[in-house]
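Under the working numbering, read the sequence shown as residues 17 to 432, first letter to last.
All remarks here apply to the structure that follows.
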Amino acid sequence: MGQTIIEKIIGNNVNKTVKPGDLVTVKADYVMMDDIMMPFIVSKFKEMGFTKVWDPSKIVVICDHMVPASQTDDVRAYHISCDFANEQGITNLHQSDGICHQLMTEAGYVKPGHVVFGTDSHTTTYGSVGAFSTGIGYTEMAAILGTGEVWMKVPATIKIEINGKLADNVMSKDVILKIIGDLTAAGATYKCLEFTGDTVAAMSQSSRTTMTNMAIEAGAKCAVFTPDEKTEEYCGIELTPFMKSLVGDEDAEYERVISYRAEDFVPVMAVPSNVDHIVPISELRDIPVDQVFLGSCTNGRLEDLMAAAEILKGKKIADFVKLIVTPASRKIYTEAMENGTLDILSKAGAIITHPSCGLCCGRTGGIMTDDEVIVATNNRNFLGRMGTSKVKIYLASPKSAAATALAGKITQYEVE
17 MGQTIIEKII
27 GNNVNKTVKP
37 GDLVTVKADY
47 VMMDDIMMPF
57 IVSKFKEMGF
67 TKVWDPSKIV
77 VICDHMVPAS
87 QTDDVRAYHI
97 SCDFANEQGI
107 TNLHQSDGIC
117 HQLMTEAGYV
127 KPGHVVFGTD
137 SHTTTYGSVG
147 AFSTGIGYTE
157 MAAILGTGEV
167 WMKVPATIKI
177 EINGKLADNV
187 MSKDVILKII
197 GDLTAAGATY
207 KCLEFTGDTV
217 AAMSQSSRTT
227 MTNMAIEAGA
237 KCAVFTPDEK
247 TEEYCGIELT
257 PFMKSLVGDE
267 DAEYERVISY
277 RAEDFVPVMA
287 VPSNVDHIVP
297 ISELRDIPVD
307 QVFLGSCTNG
317 RLEDLMAAAE
327 ILKGKKIADF
337 VKLIVTPASR
347 KIYTEAMENG
357 TLDILSKAGA
367 IITHPSCGLC
377 CGRTGGIMTD
387 DEVIVATNNR
397 NFLGRMGTSK
407 VKIYLASPKS
417 AAATALAGKI
427 TQYEVE
């Protein structure tokens, strides 16, 4: 019997063949902790009686949710993060470099075949480079900090196969939103989503990252792509024989196989206030918007900013609409500045912010109030996430977001 990608990764970690449902104890290649969870992690770490972490070189601390501070208690989380890193000799400390999920691959921590845990649900993101990665709670993280390992159940895999060529106004965000809508928010609970097909092979590394980032919105434990030459280039490595083997075998046992034709995908949005309530934009005409947000670990990469800039070049966003642009990392910010993307966005009327989670987690500017409407490129549209519980949040691709900012109402980008 063949194996799925995730069975190969976990089996390699525990040095034996595994199958869905097996309980195994895995060793972490890396763990990631963000500032918003650090006070809880450090407290639990000490409560468990630990005094030293198992391996400082495998621990990454990233301040991103609350930098710079917008509430007085945010400062406490920042200091706890930095103090713990200094106390434990953790040199992988990022105080203002960008969003944790962008940095974990961009900065070279996560590689194909790794087993990685993070204290944020969107840790599923790192499957874009062929790793097993998943979010955990602060108690589990405290235990890993002290021991370097944790037990888990091997997840079953749902194979998502996509073949064909996407339309020019369809981005991977539209693809993953459609998939989430079909699976529902609980349809992949504790499963792995394995993406395959020639459409997937043609996707850029950034586009793949958007897909794995949002897998958690269908309840997935993890999500994964087969590493290839694009992964090699992005990670700055040469794939080892094991990394090259990370392909779902033809005779692997999948819980489900779902097939799509790329030509059937259209621009869509997740409408308030459920991430699996997916509607074609063609059915959402003439809904006025107050604000547009371009950024987050889902769609704050250079590819996303450039896609929006191409639409907005030489034009102005609609009157009375705010467009907030938040690059996902300092590196992306610099690249977008050097190639003129930020200049185009700024001249179009955008507010350019520092690299961070920003408005996605309801911090550091852009909060909205009752009955206001926002179109955003992040991953969640839950009640109260960007202001009051009466704010209406629509999730969209960067191209759809840019077209909406230009029109002042929900609009599908049409290729000229």
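For each residue, glycine too, the CB sits at the ideal point set by N, CA and C.
In the three-state DSSP reduction, ARG277 falls in the strand class (E or B).
DSSP places GLN118 inside the alpha helix (DSSP H), whose first and last residues are 116-122. Of the candidates PRO257, LEU375, LYS32 and CYS98, the residue whose Cα lies closest to the Cα of ALA392 is LEU375. About 27 Å separates the beta carbons of VAL191 and TYR125, which is beyond the 8 Å limit, so they are not a contact pair. In the DSSP annotation of this structure, PHE66 is not part of any alpha helix (DSSP H), being labelled neither H nor E.
A contact between stretches requires three or more CB pairs, one per stretch, nearer than 8 Å, and the segment 114-133 meets this requirement with the segment 308-317.
For ILE390, the enclosing beta strand (DSSP E) covers residues 389-392. Nearest in C-alpha terms to GLY105, of all of VAL308, PHE258, ASN395 and LYS68, is LYS68. A straight line joining the alpha-carbon of THR212 with that of VAL91 spans about 43 Å. Nearest Cα to GLU122 within the set THR205, GLY311 and GLN221: GLN221. Straight-line measurement puts the Cα of THR215 at about 19 Å from the Cα of ALA323. Per DSSP, PHE309 is not a residue of any alpha helix (DSSP H); the beta strand (DSSP E) it occupies stretches across 307-311.
With contacts defined as CB atoms closer than 9 Å, CYS238 and SER149 qualify as a contacting pair. Under the criterion of beta carbons closer than 8 Å, ALA352 and GLU165 do not qualify as touching, at roughly 40 Å. Taking 9 Å as the cut-off, the beta carbon of TYR142 is found no closer than this to the beta carbon of ILE195.
Annotated as distal: GLY382 and ILE327, with beta-carbon spacing of 9 Å or more. Considered as a whole, the segment 153-193 harbours 165-169 and 172-179 as its complete beta strand (DSSP E) runs of no fewer than 3 residues, in chain order. The beta carbon of TYR349 is closer than 7 Å to those of PRO343 and PRO371 in its chain, skipping five residues each way along the sequence. The beta carbons of VAL170 and ALA147 sit no closer together than 9 Å.
Spanning the alpha carbons of THR155 and TYR94 requires a straight line of approximately 19 Å. Across the structure, TYR250 and ALA217 are spaced so that their CA atoms are roughly 15 Å apart.
Excluding the 5 residues flanking it on each side, ALA418 has same chain C-beta neighbours closer than 6 Å at ALA324, ILE327 and LEU328, in chain order. Burial state of LYS74 is buried, judged by a 10 Å Cβ sphere holding 16 or more other Cβ atoms. Under DSSP, TYR46 forms a beta bridge with VAL132.
GLU269 and MET17 do touch by the CB rule: their CB atoms are close to 6 Å apart, below 8 Å.
Nearest in C-alpha terms to GLN307, of all of GLU245, VAL337, ILE274 and PRO128, is VAL337. Boundaries for GLU210: no alpha helix (DSSP H) harbours it, while the beta strand (DSSP E) harbouring it runs 207-212, taken from the DSSP string. Cβ neighbours of LYS331 within its own chain (closer than 7 Å, five residues either side excluded): ALA364 and LEU422. Around the beta-carbon of SER405, fewer than 16 other beta-carbon atoms lie within 10 Å, marking it exposed. Straight through space, the alpha carbons of GLU432 and GLY356 are spaced by roughly 22 Å.
Under the criterion of beta carbons closer than 8 Å, VAL305 and THR173 do not qualify as touching, at roughly 38 Å. If you ignore the 5 residues before and after LEU109, its C-beta comes within less than 6 Å of the C-beta of VAL77 and ALA101, all in its own chain and listed in chain order.
A residue is called buried when at least 16 other Cβ atoms come within 10 angstroms of its Cβ; THR41 does not meet this threshold and is exposed.
Rounded to the nearest whole angstrom, the C-alpha separation of GLY403 and GLY197 is 25 Å. Here the alpha carbon of VAL83 sits roughly 21 Å from the alpha carbon of VAL47. Between the alpha carbons of LEU119 and MET227 lies a distance of about 17 Å.
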